[in-house]
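In the UniProt record's numbering, the protein residues as written are 1 to 203.
Backbone N, C-alpha and C define an ideal beta-carbon position, used for all residues, glycine too.
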């Protein structure tokens, strides 16, 4: 249960992130996938993560203190944001540096738009996480925007693609920030990851 959520720091350099002295859970996804809305729904704080109709709003590594116990991290989106190649390259270095360097990172939630068929960019990012040994979990967003059968069809198609990459599909959740669908299941799963980390801290 998330009772307290507050902003700690934003930066572009992984080495300037807060001291890795507690469990850390990161959220990442293609631009405009609904990441900020989902973070706000999970924490119950409306303006915690800044939402925008314009893709690419999050351009920094944003740390939030949750229950004075663990960090939730909002990472820049990848994909279609209208930014220069130079900026994109800097983001990639920043994100990969963060994801491969944080020893206290116990879960990376990759957000996937449930309204779309499998997107190459999401599969590529998931493959990269697998190659780097980054603990990835899939979160399908915007499930309220289509019929349940259509969402199920898109989710199944994506999972089938992941099984072609890995031997088995990663853990996954189907959510809607608007309706709160999947919030409890996701919160419980995060709690389990945090508990597990605290029992066997890596630092």
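Beta strand (DSSP E) segment containing residue i, residue limits
i: residue 107; result: 105-113
Sheet register partners of residue i (DSSP bridge)
i: residue 74; result: 27 and 62
i: residue 10; result: 62
i: residue 209; result: Examination of residue 209 is not possible in this model, given that the chain is present from 1 through 203 alone.
i: residue 5; result: 66
8 Å contact criterion, which residue i and residue j should meet: CB distance rounded
i: residue 116; j: residue 162; result: Contact doesn't hold; Cβ gap of about 15 Å is too wide.
i: residue 110; j: residue 138; result: 6 Å
i: residue 38; j: residue 141; result: 6 Å
i: residue 95; j: residue 76; result: 6 Å
i: residue 61; j: residue 11; result: 6 Å
i: residue 8; j: residue 65; result: 5 Å
i: residue 159; j: residue 134; result: Actually they are not in contact, since the Cβ atoms of residue 159 and residue 134 sit about 19 Å apart, beyond 8 Å.
i: residue 102; j: residue 20; result: 6 Å
i: residue 174; j: residue 143; result: 5 Å
i: residue 91; j: residue 194; result: Not a contact, Cβ separation roughly 27 Å.
i: residue 48; j: residue 5; result: 6 Å
i: residue 177; j: residue 34; result: 6 Å
i: residue 36; j: residue 46; result: About 11 Å; that fails the 8 Å criterion.
i: residue 25; j: residue 93; result: That belief does not hold up - the Cβ atoms of residue 25 and residue 93 are roughly 22 Å apart, past 8 Å.
i: residue 255; j: residue 23; result: Outside the displayed span of the chain (1 to 203) sits residue 255, for which this structure offers no information.
Element boundaries [alpha helix (DSSP H), containing residue i]
i: residue 136; result: No alpha helix (DSSP H) contains residue 136, which is instead part of the beta strand (DSSP E) from 136-141.
i: residue 40; result: 35-43
i: residue 97; result: 85-101
Exercise for the section: Report yes or no: do three or more beta-carbon pairs, one from the segment 93-113 and one from the segment 25-32, lie closer than 8 Å? Expected result: yes
Handout entry: Continuous alpha helix (DSSP H) assignments of at least 4 residues falling wholly in the segment 124-175
Key = 148-165
Exercise for the section: Taking 8 Å as the threshold, find out whether the segment 173-190 comes into contact with the segment 38-46 through three or more Cβ pairs. Expected result: yes
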